[in-house]
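Peer 1: There's a structure below that I have some questions on.
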Amino acid sequence: MSRLPYTYRGVIVPVLTPFNNDGYLNLDIISKYAKYLAKKGINGILVNGTSGEGMSMSVVERKLIAEAWAKAVKKTRQHLMIQVGGTSLPDVIELAKHAENLHVDSILCLPELYFKPTTSQQLIEYLEIIGKAAPKTPLLYYHIPMLTNVNIHMGQFLESIGDKIPSFVGIKFTSANLEEGAQALHADNKKYVIFLGNDQIVNAAYALGIDSFILTSLNMLSELILNLLAASKDGKMLEAKNKQEELSRAVIAITKHGNWVETMKVAMTLLTDIDVGLPRAPLKSISSEALEVMIKDLNNLGYQAEIKHD
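Residues 1 to 310 (the numbering used here) are what the sequence shown spells out, left to right.
Rendered as structure tokens:
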């Protein structure tokens with residue numbers, strides 16, 4: 001069985017999961033959310049990732065969100081990637097099968113989070129199981145060691161896969177270790193796609209040859225990021241550097257007030273017309289004082305940050 005073709009390159013936005021004030025999913029807003037991103041020029045969607053709080057939802061909820069996005073992207077024609085990991089293996093298998101039945105474009109999977117893999121071979125064996133559950137859908141591994149504490153070297157891991165997982169096509173690399181990222185990119189004669197998941201080193205990664213990105217800030221700062229990537233592609237290094245610094249200042253202004261997801265959800269509501277609601281426990285809302293500072297800081301940076309929803 002040959003490796004599945006996977007030609008998607010470029011940007012993917014890890015969408016935030018909208019919750020109502022009662023804590024239940026707000027599925028009604030997803031069609032509007034998809035159209036908003038498409039209008040901004042974002043052609044790829046990642047559902048149930050870290051920013052999407054996938055690991056804070058039940059299997060039933062994760063399926064509902066995946067179904068809502070699958071329906072929405074039929075109209076917007078965006079690439080749809082579903083993250084299926086972060087729960088028990090039987091549930092991961094169930095979510096992978098569900099994603100394949102929805103005919104999504106790709107599946108992303110975290111490692112086992114309790115009995116963690118410590119070697120490339122253990123990780124390959126885990127992903128083999130997921131690949132067999134959804135053999136017709138391109139599979140990517142989600143490398144985010146600061147949250148998983150799975151520190152397997154991605155260059156070595158990709159070099160060792162060979163043909164063991166026919167559906168395997170690449171990784172989401174959420175790390176600042178660009179030496180490792182470059183090794184991953186060049187592994188097995190550049191066989192795999194590498195999506196960088198770090199908003200603050202986009203221009204540096206591009207200079208190394210990484211051309212695909214999954215960035216939370218695309219939700220609310222898409223124009224800036226697309227301009228940064230265009231400058232990088234055109235070899236305008238000074239412009240790219242300046243755009244990266246602008247992006248980093250905005251990300252710092254947002255995320256200094258708490259957890260990544262807690263603060264990004266606030267920024268989404270302040271900077272767009274998409275109300276994604278509050279984060280789910282154990283995450284919390286930021287304080288009213290922090291909210292005021294975030295609004296002031298973003299406005300000082302030239303953004304129109306305001307409370308648009310009750």
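Backbone N, C-alpha and C define an ideal beta-carbon position, used for all residues, glycine too. Given the structure is predicted, the values throughout are model-derived calculations rather than measurements.
1. In the DSSP assignment, find the unbroken alpha helix (DSSP H) run with K97 in it and report its ends.
2. Helix, strand or coil: which one does DSSP assign to H153?
3. Leaving out five residues before and five after E94 in sequence, what residues of the same chain have Cβ atoms less than 7 Å from its Cβ?
4. Could you check the C-alpha separation between Q304 and D273 for me, to the nearest Å?
5. Which runs of the beta strand (DSSP E) fall wholly inside the region 148–208 and span at least 3 residues, in chain order?
6. Do three or more CB pairs link the region 103–114 to the region 72–85 at distances below 8 Å?
7. Work out the CA separation of A267 and I201 for me, nearest whole Å.
8. Under the DSSP definition of a beta bridge, which residues are partnered with Q83?
9. For S212, tell me which candidate among I225, M220, I194 has the shortest Cα-Cα distance.
10. Can you list, in chain order, the residues of its chain with a C-beta nearer than 8 Å to that of V261? Leave out the 5 residues immediately preceding and following it.
11. Do L208 and L185 have their C-beta atoms within less than 9 Å of each other?
12. Which residue from G302, I252, T216 puts its Cα closest to that of L37?
13. Assuming L301 and A253 form a contact by the criterion Cβ under 8 Å, report the distance between their Cβ atoms to the nearest whole angstrom.
14. DSSP has P14 in a bridge; who is on the other side?
15. Closest to M55 by C-alpha separation, out of A34, V92, L247, would be which residue?
16. Between S248 and the rest of its own chain, which residues show a CB-CB distance below 6 Å, the 5 nearest in sequence each way excluded?
17. Helix or strand or just coil, what does DSSP make of I30?
18. Can you tell me where the beta strand (DSSP E) holding L140 begins and where it ends?
19. By the 10 Å Cβ neighbour count, where 16 or more other Cβ atoms means buried, how is E61 classified, buried or exposed?
20. Taking the Cβ atom as the reference point for each residue, do S120 and P138 lie within a distance shorter than 9 Å?
Peer 2: Result, derived from the coordinates:
1. Taking the first residue of the sequence shown as position 1, residue 97 is located at position 97. For K97, the enclosing alpha helix (DSSP H) starts and ends at 89–101.
2. Position 153 of the sequence shown, counting from 1, holds the residue named residue 153. H153 falls in the coil class under three-state DSSP.
3. Taking the sequence shown and counting its residues from 1, one reaches residue 94 at position 94. Same-chain partners within the cutoff: V59.
4. On the sequence shown, position 304 is the one that residue 304 refers to. On the sequence shown, position 273 is the one that residue 273 refers to. Each residue's Cα considered, the two are about 12 Å apart.
5. Inside the region 148–208, DSSP marks whole beta strand (DSSP E) runs of 3 or more residues at positions 168–173, 193–196, from first to last along the chain.
6. At 8 Å Cβ cutoff, the stretches touch.
7. The sequence position of residue 201 within the sequence shown is 201, counting from 1. The sequence position of residue 267 within the sequence shown is 267, counting from 1. Within the model, the alpha-carbon separation for I201 versus A267 is close to 20 Å.
8. Reading the sequence shown from its first residue, position 83 is the one you call residue 83. In the DSSP output, where bridge partners are listed per residue, Q83 has L108.
9. Looking up residue 212 in the sequence shown gives position 212. For the residues I225, M220, I194, the minimum Cα distance to S212 belongs to I194.
10. Residue mapping note: residue 261 aligns to position 261 of the sequence shown, counting from 1. These residues qualify, in order along the chain: L16, T50, S51, E53, P279, L283.
11. Residue numbering aside, residue 208 sits at position 208 when the sequence shown is read from its first letter. Residue numbering aside, residue 185 sits at position 185 when the sequence shown is read from its first letter. Their beta carbons are under 9 Å apart, which means L208 touches L185 by this criterion.
12. Translated into the one-based positions of the sequence shown, residue 37 becomes position 37. Residue T216 is the option with its Cα nearest to L37.
13. Taking the first residue of the sequence shown as position 1, residue 301 is located at position 301. Taking the first residue of the sequence shown as position 1, residue 253 is located at position 253. Yes, they are in contact, since the Cβ atoms of L301 and A253 sit about 6 Å apart, within 8 Å.
14. Along the sequence shown, one-based indexing puts residue 14 at 14. Answer by DSSP bridge pairing, in chain order: L46.
15. The residue labelled residue 55 in the question sits at position 55 within the sequence shown. Nearest of A34, V92, L247 to M55, Cα basis: V92.
16. Against the sequence shown, residue 248 aligns to sequence position 248. Excluding positions up to five away in sequence, the list reads Q200.
17. Walking along the sequence shown from the start, residue 30 turns up at place 30. In the three-state reduction of the DSSP assignment, I30 falls in the helix class, which pools H, G and I.
18. Taking the sequence shown and counting its residues from 1, one reaches residue 140 at position 140. Element bounds for L140: 139–143.
19. Numbered from 1 along the sequence shown, position 61 holds the residue referred to as residue 61. Under this definition E61 is a buried residue.
20. Indexing the sequence shown from 1 puts residue 120 at position 120. Indexing the sequence shown from 1 puts residue 138 at position 138. No. Outside cutoff.
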